[in-house]
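> Before I ask anything, here is the structure I am working with.
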Amino acid sequence: DDPELIRIRQQRLAQMKQAHSKEKENKSKGHGQYREITQDEFLPEVTGSQHVLCHFFTEEFERCKIMHHHLGRLAPFHLEAKFIKMNANKAPFFVQKLQIRV
Numbered sequence: 001d002d003p004e005l006i007r008i009r010q011q012r013l014a015q016m017k018q019a020h021s022k023e024k025e026n027k028s029k030g031h032g033q034y035r036e037i038t039q040d041e042f043l044p045e046v047t048g049s050q051h052v053l054c055h056f057f058t059e060e061f062e063r064c065k066i067m068h069h070h071l072g073r074l075a076p077f078h079l080e081a082k083f084i085k086m087n088a089n090k091a092p093f094f095v096q097k098l099q100i101r102v
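Heads up, the sequence shown is in full-length UniProt numbering, so the first residue is 1 and it goes up one at a time.
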């Protein structure tokens with residue numbers, strides 16, 4: 001066998017192992033699912049992962065329900081990001097601090 005091909009194969013195997021371990025780590029952090037959190041959980045959730053998408057919602061808005069549907073479908077395909085939602089009516093501190101309009 002060609003030593004160059006062996007080197008390329010070993011390099012690719014190492015990349016695949018690294019990607020698999022990163023995916024496993026992200027899943028253990030809650031990536032791949034779309035779930036609701038409370039105000040107290042917000043800071044640990046967003047600081048524990050590099051990429052986080054947080055949907056601040058209110059139950060009265062129909063568009064929020066549409067967003068729930070789409071984000072729930074996207075989350076399993078994007079393990080590099082954490083998808084969370086928080087009821088804006090139950091999180092007045094962050095709504096004010098982040099200047100979220102409700």
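Even for Gly, the Cβ is constructed at its ideal location relative to N, Cα and C.
Taking the C-alpha atoms as reference points, what is the distance between Leu74 and Asp1?
Looking at the two C-alpha atoms, the distance is approximately 43 Å.
> How would you write the range of the beta strand (DSSP E) that Glu36 sits in, first residue to last?
Segment Tyr34 to Glu36, the beta strand (DSSP E) holding Glu36.
> Need the endpoints of the alpha helix (DSSP H) that Ile100 sits in, please.
Unbroken run through Ile100: none, as it is neither H nor E.
> In this structure, how does DSSP classify Phe61 when only helix, strand and coil are distinguished?
Of the three classes helix, strand and coil, the one that applies to Phe61 here is coil, per DSSP.
> Quickly, what does DSSP pair Phe56 with across the bridge? List them, please.
BP columns for Phe56 point to Met86.
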